[in-house]
Amino acid sequence: MHKKIRPLIIVSIIGLLALSLIQAYLINNTYKLEKAAFISETRKSISRIDDLSPNLDTINDIWQDNFLNIITDYKLKLIKKNQVLQKFDSVTNTINKLYIDSYQRDLKERDIAYNLKFQKVVKTIILLDSTKNDTLFISDKKQVFHLLGDQFSLDDGHKVSSSLWLTDHSSDRLVNGKMKEVEFDLQFETEDRMNIDGWKRIVLGRMTVLLLISILIFLLVFGLLFYAIKSFITQKKIADVKTDFVNNITHELKTPLSTLTLATKMLKSDTVIASSEMSKGIVNTVERQNVRLQKLIDQVLNNSLGYQEITLNKKSVKTTAYLNSIIDDFKLSLDNDDIQIKKQFVIDKDIEIDKFYFTTAVLNILENAIKYGKGNTEILIEAKIVNTNFKVMISDNGIGIPKKELKFLFDKFYRVGNKEVHNVKGLGIGLYYTNQIIKAHKGEILVDSQVDKGTTFTITIPIT
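Next comes the structure, spelled out in structure tokens:
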């Protein structure tokens with residue numbers, strides 16, 4: 001069975017993984033598209049604030065005029081190149097709070113529903129010359145000059161726009177009592193950037209319906225796949241159990257039926273008809289086989305009952321005397337002197353049980369211990385009272401049961417999948433019936449086993 005199921009499971013898992021990868025790919029693409037659309041919408045909402053706001057326009061004029069004066073000082077060699085940005089930074093720091101406040105007021109007028117930060121950074125500052133340009137600053141990942149606005153890293157922001165300020169400036173400056181004319185061409189490139197607080201959450205929020213549908217589809221496909229495989233395994237197991245049951249009951253019926261067929265033929269023989277002793281012996285044989293067939297049929301019918309269908313006729317019994325009577329009767333049915341039955345009863349107490357059913361449960365376990373013994377079988381029967389429960393432990397030194405089989409042991413028609421076990425024929429309903437009887441008594445039966453060491457069944461029922 002496992003060889004047939006394994007390829008099905010592997011193919012199903014591969015199919016599920018393929019579906020998951022396709023779904024993940026589509027969701028990722030949708031996420032990228034939603035992100036691009038959101039950034040584009042936000043960029044459009046705040047675009048040209050810097051150009052159209054009178055307050056911001058005034059602030060821009062202030063820093064531009066100041067920078068032209070700084071460059072004039074540089075051209076006159078009043079300051080060095082490394083001092084240009086230092087002086088310019090002092091200017092922008094002075095007016096930056098005013099710039100941020102003005103920008104945030106303009107943002108509120110545009111009814112943007114999320115927190116947004118804005119900054120203007122310098123990309124390049126170059127003094128143009130026909131012979132050789134003088135580069136004062138070029139931005140890169142290691143070197144960023146923050147002009148105005150909020151502080152955040154380039155990685156945390158998104159580009160809004162870029163602008164290029166080109167000017168040919170000329171002015172007169174009094175230096176050491178002399179008027180000097182200064183002329184220069186300036187290229188000043190800036191980039192506007194924005195940082196949206198929680199933009200990932202906002203984008204994912206827009207995808208909520210898609211994500212929920214995707215998760216539901218995945219869970220549905222996974223559930224259907226799991227249910228299909230589980231149903232297939234269950235149906236295969238039921239088919240195997242039925243086949244095993246039919247084979248076992250056929251084997252059990254074959255011997256008495258063969259005996260009855262032979263006895264019928266013998267009864268027709270003139271020799272047997274003439275001899276009353278022979279006829280009597282054959283009739284006894286027929287009677288024994290009839291009883292055997294009746295017991296087999298009763299076992300199938302009665303042992304298939306569920307615990308809800310078992311009607312108990314409880315009576316008070318003394319635990320020690322009752323268990324001794326079961327053991328004595330069981331010993332009489334044994335034809336092997338190598339079997340040792342030991343007992344250890346801690347306390348004698350009155351309990352209420354259905355003697356017929358409870359005896360059947362105990363005998364089923366004892367018979368299994370004999371069936372699956374491995375020579376010189378030893379059985380230990382213990383009984384004790386624990387709190388308000390009566391416990392019976394039946395241990396043997398038989399072949400044991402693999403751990404993986406224990407959870408199926410009390411299933412109807414189940415027999416351990418072991419060649420050594422299947423050398424002994426049975427219907428696989430004895431332990432099922434035992435479990436139903438104990439459940440009818442509102443108790444439980446547990447099993448602990450080790451291969452080649454033996455098995456212990458523990459019956460626990462409440463004292464009423």
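Those letters in the sequence shown? Residues 1 to 464, by the UniProt record's numbering.
Each residue gets a CB set at the ideal place from its N, CA and C atoms; glycine is no exception.
Asked	Found
Which residue marks the beginning of the alpha helix (DSSP H) containing lysine 106, and which one marks its end?	Sequence inspection shows aspartate at residue 106; the lysine mentioned does not correspond to that position. Unbroken alpha helix (DSSP H) run through aspartate 106: 81-109.
Could you compute how far the alpha carbon of glycine 177 sits from the alpha carbon of phenylalanine 152?	46 Å
If you reduce the DSSP assignment to three classes, tell me which class glycine 454 lands in.	strand
Check whether the segment 180-190 and the segment 205-218 are in contact - that is, three or more C-beta pairs closer than 8 Å.	no
Give the C-beta separation of leucine 366 and phenylalanine 330 to the nearest angstrom, bearing in mind that I take them to be a contact with Cβ-Cβ under 8 Å.	5 Å
Alpha carbon to alpha carbon, how far is glycine 149 from leucine 210?	37 Å
By DSSP, does residue 478 sit in helix, in strand, or in coil?	As shown, the chain starts at 1 and ends at 464. That puts residue 478 outside it, with no answer to give.
Nearest-angstrom Cα distance between alanine 263 and phenylalanine 226?	55 Å
Can you tell me where the alpha helix (DSSP H) with arginine 206 in it begins and where it stops?	199-206
Who are the Cβ neighbours of lysine 142 in its own chain at under 8 Å, not counting the five residues just before and after it?	none
Nearest to lysine 384 by CA position, among Asn364, Val291, Lys343, is which residue?	Lys343
Report the start-end ranges of each alpha helix (DSSP H) in the segment 159-224 that is 4 residues or longer and not cut off at the edges.	199-206
Which of the three DSSP states is assigned to valine 121 in this structure?	strand
Once you ignore the five residues that flank isoleucine 147 on each side, which residues in its own chain have a CB closer than 7 Å to its CB?	As written in the sequence, residue 147 is leucine, which differs from the isoleucine given in the question. Thr92, Lys120, Val121, Val122, Thr190, listed in sequence order.
How far does the beta strand (DSSP E) with glutamine 340 in it reach, from first residue to last?	340-345
Determine the extent of the alpha helix (DSSP H) in which alanine 361 is found, giving its start and end residues.	355-371
Kindly identify the DSSP beta-bridge partner or partners of glutamate 378.	Gln340
Is the beta carbon of aspartate 354 closer than 7 Å to that of leucine 312?	yes
How many angstroms separate the CA atom of valine 362 from the CA atom of lysine 407?	20 Å
What is the residue span of the alpha helix (DSSP H) that serine 325 lies within?	319-332
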